[in-house]
Each structure stands twice: as structure tokens, then as C-alpha cells.
Amino acid sequence: MTKSIYDQLNASGTTGTNFKQRMVETFSGDALDTDRWTLTDINGGTSGSMVDDVDGGYKVSFSTQASAWGGLTFNNKRQFDLQANDSIIIAKRTFGSAAGGFRAGIANSISTNENNTVTWSTNTSASPNGKFFIWTKTEAEGWSQVKVESTTTIDDNWHVGKLESRSSGLTFILDGVTAATHGTGQGSEKAQPYIAGTGSGTESGRSFSVRYCEVYNT
Amino acid sequence: MAYKQHFIEWFSGKQVPSYWTLTQIVATCTATMADEVNGGMLFQTDSGSGSPSASLTFNNKRQYIANGFKFISVCKKGSDNNIGIKGGMGSSTSVNPDHHAFMVEGTLASYKTLATKDGSTATETASSIALSQDPFAYDIEGTTSDVKLGINGNIVVTKTTNRPSDPLQPYLYIQSRSTAAAKSYNVRYVECYNT
């Protein structure tokens, strides 16, 4: 007998109330699934394409514009709860010695105000000591930027980042190991997947790539 | 064992994927993604007269076998009770496909109901599960001997009469039962497969 995906994800008798929104994206195919995603050019200088390379996924590239900034969103269709979700994203930055990087997680806003955003970050311009870090900006914390660093130095390799967001706080798991925690809830706001990068300089060749994204409400 | 046709839809993203077709039966309805936590797809009618209604299907690409399928969905009606909804497997995009196995809710029925049609005769068997505006999961399984309706994991109707026999496609349907306001129906999950 063929089993349903539903039954493999849920305990028997799971009600409609307890079955929450989920999305899974493997970034495979000849083009970005634009029924699902928008390549949001948040501050200009952003382009993207599928990569013709083993395990390449989707690549977002930046022009030489200063503060080029953009990435992937649901264009403000926000079906996930900012403080009751898990997000799992496999991505890498390609910035070399240039400052910048990507942030991955979920966000209410897709503008430069970054309001109600909960992410893990590889942005060397914003990292206090050049380490992977939790980065948030939420109304629940008075719109201040919160940074909680791990002990792992930011690099240009592929990484698996998982953020567990709950009303009790955040856990950032990097490559399967708890890397940083923040013991404050982020507020019950609607949010969408958010994988976006920026660079403060004008160097050429800056980009990030993503090959997997999964988000679900808990 | 051969791997059989299997479809999963989470209704997550910026818009409804283009492999779904919205068919206006009585204008005008819309199918968009909800900007709401756990909102899924928002199926809505307008507030016009004549029972605005529509179906969302695969536009008659029918890859599922009537006596060997399972359909699973999670949904909820909007706040207005004057609405009829259907979900399940149908042989066409019309309001009453010649072959179908549907869960029926809203003012089209008195309880959550299993409706089937065998090509000519349509009949319904009601469960004892009350109509409601709460989210609920349901499943419909067609076998060589019966069609079963489950609600939140429990089988509530087993029906042996007037079962469909032609190939089927996923089918979602909304109908306004009054002109007082637009009606809505959220669907956050659909899965169907040949067993």
C-alpha cells in the first residue's frame, strides 16, 4: 500500500488545526519557480539564475553598485509565524575578500527597513567579529538590531543553517551543531521565507547561492 | 512495486501554481495565496447574485484511477456560513462532474458529507460530523469495493453506491449561497495518489 506524505509527517488523527503551513524548495530546474518566488531587488544591483553546475542550486549575483542588496522572497505572501517556525536553508556566499554576505530565515518586510526579520547571517560587514551570527530586527525587541555570534568564522563554503524560532527564544543550528541562542521571543507576526544578500563595497563577482529551503510552522 | 502517480500541494508561495486551472462556473471567483499565517490558498467568491462559484482543477488532466486513489486535504471555511465547498476527485471542471468522489461542507449539506457519482446517478451519505468554520483534515479513498471519507483521521462514511469509474483529477470548489458578501475557503494542503 502506498503511504501518503501527510501520514509520514503527522501522527495519526492530526486535526486540521494542528496541521500547519509548510514549504520545501530544492532549487532544481531550468529557471526559478516564479509562481512561488520573487527575486526582490531590495536596494538595486541584483540578478539571479539557476546554476549549470553539480549541486549548484540558484545563484543571486550582485553588480558593482555600492550597497547592492536583494534576494528571494514570497513578495509579501506571509504564511509563517515569526516566533513559531523552523527554517532550514542550505546556502553559500561567494564574496572572497569583499565585505558582505547573505542572511537567511523569514521576514515580514522585503524593504530596506527590514522590520520583523529573523535570520542567520554571513554578512561580514555586520558581524561583530567575523563569525556566523543570529541577526534579528523585530518590534518585540523595540526595532533594535540584535546580533548573537557563534564561534565559527564566516567563509565561502556551503552551510546548512537552521533557525528554530519560538516564543521562548531562538536557536541557531549551523551544520547540525547549536551555534548560538537568543532567549527572547520575536513576536507573533506573519512572515515569509527570506534569503537575501548585500555588500557594502563595489567589488565585482559577489554572489550567494542556495540549494535548499524548507520552512514550516510549529 | 511500481511507483504510481502522486501529487502534493502545500499552497505556499506568492501565487497559485500554474498547473492549477481556475474555472469560473458562475462569475466571479478568485484563487490567490493568502497573506496570513497558515492561510494557504484563499478561494473566494465575489458578492454578486446567482451563486458565484468556481472550481480549481488540473483542467481535465486526469491521472488518478477511480477504484484505487486517496485524496487528502486540510481546509477551512471563511467566517460566513452561507457558502458551499467541495473537495476531492472529479472527472471534469463543472459543478457536478459525471464521475466524482467529494467531501461536501457548508450549506450544500447538513453535515460533512461524502458525495459520489457513477456517470449518471449522484448520491450523498452524510457523516455525523457537524458543519463548522474550524480547520479540518479530510481524506477520501476509492477502492474496488467502496469509497471512504475520513475526518481528522477517523473514517466517518463508507459508501458502496454510485461510485465513480472514469479517470479523475484533484477538484476544489466554492459556491456563494447568498449575495450578502464575498465568501472564502482556505486550503493549505492537497495530496492525492494512486494506491
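Those protein sequences? They're chains A and B, same order as listed.
Sequential numbering from 1 applies to the first sequence in this note's numbering.
Sequential numbering from 1001 applies to the second sequence in this note's numbering.
Quick reminder that beta carbons are idealized off the backbone N, C-alpha and C, glycines included.
Boundaries (first-last residue) of the beta strand (DSSP E) holding residue i
i, result
"ASP1118(B)", "1111–1118"
"LEU170(A)", "169–174"
"GLN8(A)", "Per DSSP, GLN8(A) belongs to no beta strand (DSSP E); it is in the alpha helix (DSSP H), 5–9."
"TYR1193(B)", "1184–1194"
"THR34(A)", "Unbroken run through THR34(A): none, as it is neither H nor E."
"PRO1170(B)", "1169–1176"
For residue j and residue i, the rounded distance between their alpha carbons
i, j, result
"SER1145(B)", "ASN1067(B)", "8 Å"
"THR38(A)", "PHE102(A)", "16 Å"
"GLY48(A)", "GLY201(A)", "19 Å"
"PRO1135(B)", "ARG36(A)", "24 Å"
"ILE154(A)", "ARG22(A)", "29 Å"
"GLU114(A)", "ALA107(A)", "7 Å"
"HIS182(A)", "SER4(A)", "37 Å"
"TYR1189(B)", "VAL1157(B)", "21 Å"
"VAL1016(B)", "LEU1056(B)", "10 Å"
"PHE1007(B)", "SER144(A)", "43 Å"
"GLY1088(B)", "GLY44(A)", "45 Å"
"GLU1105(B)", "LEU174(A)", "45 Å"
CB contact below 8 Å: residue i versus chain B
i, result
"ILE5(A)", "yes"
"PHE27(A)", "no"
"THR17(A)", "yes"
"PHE62(A)", "no"
"PHE21(A)", "Note that residue 21(A) is Gln in the sequence shown, not Phe. So, interface residue."
"THR122(A)", "no"
"ASN217(A)", "yes"
Residue-chain proximity (residue i, chain A), Cβ-Cβ < 8 Å
i, result
"GLU1009(B)", "no"
"THR1143(B)", "no"
"THR1030(B)", "no"
"ASP1146(B)", "no"
"GLN1044(B)", "no"
"SER1012(B)", "yes"
Reference residue i; option with closest CA among the options
i, options, result
"PHE1011(B)", "ASP1134(B), ASN1152(B), PHE1102(B), GLU1036(B)", "GLU1036(B)"
"THR94(A)", "ALA107(A), THR151(A), LEU32(A), TRP158(A)", "TRP158(A)"
"ASN1081(B)", "SER1178(B), TYR1189(B), GLY1087(B)", "SER1178(B)"
"SER127(A)", "ASN116(A), GLY105(A), THR151(A), ALA68(A)", "THR151(A)"
"VAL148(A)", "ASN129(A), GLY105(A), LYS190(A), GLY142(A)", "ASN129(A)"
"GLU216(A)", "LYS59(A), ASP33(A), SER87(A)", "Correcting the residue type first, residue 216(A) is Tyr in the shown sequence and not Glu. Comparing Cα positions, the closest option is SER87(A)."
"GLN1005(B)", "LEU1168(B), ASP1139(B), ILE1174(B)", "LEU1168(B)"
"ALA99(A)", "THR124(A), GLY71(A), VAL118(A), LYS77(A)", "THR124(A)"
"ASN10(A)", "ASN1152(B), PRO1170(B), SER1110(B)", "ASN1152(B)"
"ASP30(A)", "SER12(A), TYR58(A), GLN8(A)", "TYR58(A)"
"TYR194(A)", "THR2(A), VAL210(A), THR171(A), THR73(A)", "THR73(A)"
Does the stretch 1108–1120 of chain B come close enough to the stretch 1044–1054 of chain B that 3 or more CB-CB pairs lie under 8 Å? no
Check whether the stretch 52–60 of chain A and the stretch 4–19 of chain A are in contact - that is, three or more C-beta pairs closer than 8 Å. no
Are at least three pairs of beta-carbons, each pair with one atom in the stretch 65–83 of chain A and one in the stretch 197–214 of chain A, less than 8 Å apart? yes
Chain-ordered residues of the stretch 68–87 of chain A with a beta carbon less than 7 Å from chain D: The chain inventory of the structure shown lacks chain D, comprising the protein chains A and B.
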